[in-house]
Amino acid sequence: MNDDLKHVERFHGHLGPYAVIGYRMGKLACEKLGKDPFEKKAKVSTGTTPPLSCIIDGIQLSSGCTLGKGNIEVDYSMRPTAEFTNKKGNRLKITLKKDVWDEIDTNVNQENIHSYSEDMYQRSDSDLFEIEV
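So the sequence shown is residues 9 to 141, counted in my numbering.
The structure is reproduced here in structure tokens:
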């Protein structure tokens, strides 16, 4: 397991595909909007019920947008979507593709959760997400 996945596991408490998806969303936001966590805000549309809400932990870890800083907001629409904005007025909306969401919910179990998480980490952004700038 690479260092990024070890950090996700340590922060979240276990390695799961939704935490990895959130981690990837936050990394993408840093690439597109800048790394400074005080320059970004995130609105995450997952609600607070696991496993979908595990996306929030991944986003906090990789983007620096955290509940403690007050620059992350949780919407209760239960869609695996994160919208990031920065102080310059730039916006990035990242939505987990429906087929990937269905795949995770249908196929992941305790026996394959690690391998699925590693697979989610290795997939390209275009395979995982619909991205709006």
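Using N, Cα and C, we set each Cβ at its ideal position, and we do this for glycine too.
The residue among 10, 24, 9 with its C-alpha nearest the C-alpha of residue 119 is 24. If you compare the alpha carbons of 108, 103, 111 with that of residue 138, the shortest gap goes to 103. For residue 122, same chain residues with a beta-carbon under 6 Å away, outside a window of 5 residues either side, are 23 in chain order. If you look at residue 53, you'll find it in the beta strand (DSSP E) that goes 48 to 53.
Secondary structure of residue 32 (DSSP, three-state): helix. Straight across, the Cα-Cα distance linking residue 49 with residue 93 is about 5 Å. Boundaries of the beta strand (DSSP E) harbouring residue 94: 89 to 94, taken from the DSSP string. For residue 111, the closest C-alpha among the options 101, 127, 13, 52 is that of 127.
The beta carbon of residue 40 lies closer than 6 Å to those of 100 in the same chain, with the five residues before and after it left out.
Close CB contacts of residue 64 within its chain, under the 7 Å cut and outside five residues either way in sequence, are with 30, 52, 54, 82 (chain order). For residue 82, no alpha helix (DSSP H) segment is defined; the enclosing uninterrupted segment is the beta strand (DSSP E) at 80 to 83.
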